[in-house]
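> Quick one: the structure is below, and I'll ask about it shortly.
Numbering (the UniProt record's numbering), first residue to last: 1 to 217.
So this is what it looks like as structure tokens:
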């Protein structure tokens, strides 16, 4: 019996994704509270200024470690293939939902792949610069000039990360079925074939319909 839906994300993958998402919002809000006095009121969400300063780096490190779990699971699917360049050239058709003539893509389209590697670079940047400016443990080992550059780059990486996540959320809402896939794990065959045809072919390659029942009489 061939199932009508296709599994896109396992329960472990979905849990990993949502934990990263929760920590992103927590680290992001606490980081904004520390970034500018006009946003310091956000520190009330974490018990005040001192607790915000204490918790922010730990949440950031945990977010990075959990994100590595997604990298280990999905990095192969985010390699660029020959079809990706042509897909990007015809992205105007994709935006208009006129995908005739657009080459098929794998589990992730080129836009999602670009986002994946951008997130990874931002996370690495935030981790490395965050360690330099982490006063309680590491900042004493670095000079003031390096700390100042690290603070600037930390803010820049955070800004790019926030913009990238906004794009990620918008794309998830715009492409109907994407959020449902990350909530429940399954997508329809029509959705898979329309948006990720190469992946659809891969996961259905070994399927065989049940043989017809023999008639007796």
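C-beta atoms are modelled at their ideal positions from N, C-alpha and C, and glycine is treated no differently.
Give me, in chain order, the residues of the same chain whose beta-carbon lies closer than 7 Å to that of residue 55; leave out the 5 immediate sequence neighbours on both sides.
Here the set comprises 30 and 46.
> Does the region 62-82 touch the region 156-169, meaning 3 or more C-beta pairs lie closer than 8 Å?
The region 156-169 vs the region 62-82: no contact.
> What do you reckon, are the CB atoms on residue 122 and residue 160 nearer than 8 Å?
In contact: residue 122 and residue 160 (Cβ atoms closer than 8 Å).
> Would you grab the beta carbon distance between residue 110 and residue 84 for me? Rounded to a whole angstrom, and I think it's under 8 Å.
4 Å between Cβ atoms; contact.
> Based on DSSP bridge pairs, tell me the residues matched to residue 186.
Bridge partners of residue 186: 7.
> Could you tell me the alpha carbon to alpha carbon distance between residue 42 and residue 35, rounded to whole angstroms?
Rounded to whole angstroms, residue 42 to residue 35 spans 11 Å at the Cα level.
> Please classify residue 24 as buried or exposed, where buried requires at least 16 neighbouring CB atoms within 10 angstroms.
Classification of residue 24: buried, given that the 10 Å Cβ count is 16 or more.
> Taking just the CA atoms, how far does residue 52 sit from residue 96?
Distance between the alpha carbons of residue 96 and residue 52: 44 Å.
> Counting only runs of 4+ residues fully inside the region 131-214, write out the alpha helix (DSSP H) ranges in chain order.
List check, alpha helix (DSSP H) in window: 144-174, 178-184, 189-195 and 197-204.
> What would DSSP say about residue 48, mapped onto helix, strand or coil?
DSSP places residue 48 in coil when its eight states are reduced to three.
> Any idea what DSSP makes of residue 80, helix, strand or coil?
Coil at residue 80, not helix or strand.
> Between residue 198 and residue 106, how many whole angstroms is the CB-CB distance? I'm expecting something under 8 Å.
Confirmed, about 4 Å.
> Please go through the same chain and pick out, in chain order, the residues whose beta-carbon is closer than 7 Å to the beta-carbon of residue 63, but skip the five residues on each side of it.
Only 20, 23, 24 and 27 meet the Cβ criterion.
> Thinking just about the alpha-carbon of each residue, which of 138, 186 and 203 is nearest to the one in residue 229?
Nothing in the structure corresponds to residue 229, since the chain is present only between 1 and 217.
> What three-state label does DSSP hand residue 123 in the structure shown?
DSSP places residue 123 in helix when its eight states are reduced to three.
> Name the residue from 100, 173, 81 and 162 whose alpha carbon lies nearest to the alpha carbon of residue 113.
The residue with the shortest Cα to Cα distance from residue 113 is 81.
> Does the Cβ-Cβ distance between residue 126 and residue 154 come in under 8 Å?
Yes; because the gap between Cβ atoms is below 8 Å, this pair is in contact.
> When you compare each of 57, 38, 33 and 134 to residue 48 by their alpha carbons, which one comes out closest?
Closest by alpha carbon: 33.
> Just verifying my parser: in three-state terms, what is the DSSP assignment at residue 112?
It is helical.
> Hey, how far is the Cα of residue 67 from the Cα of residue 12?
Cα to Cα, the separation comes out at about 13 Å.
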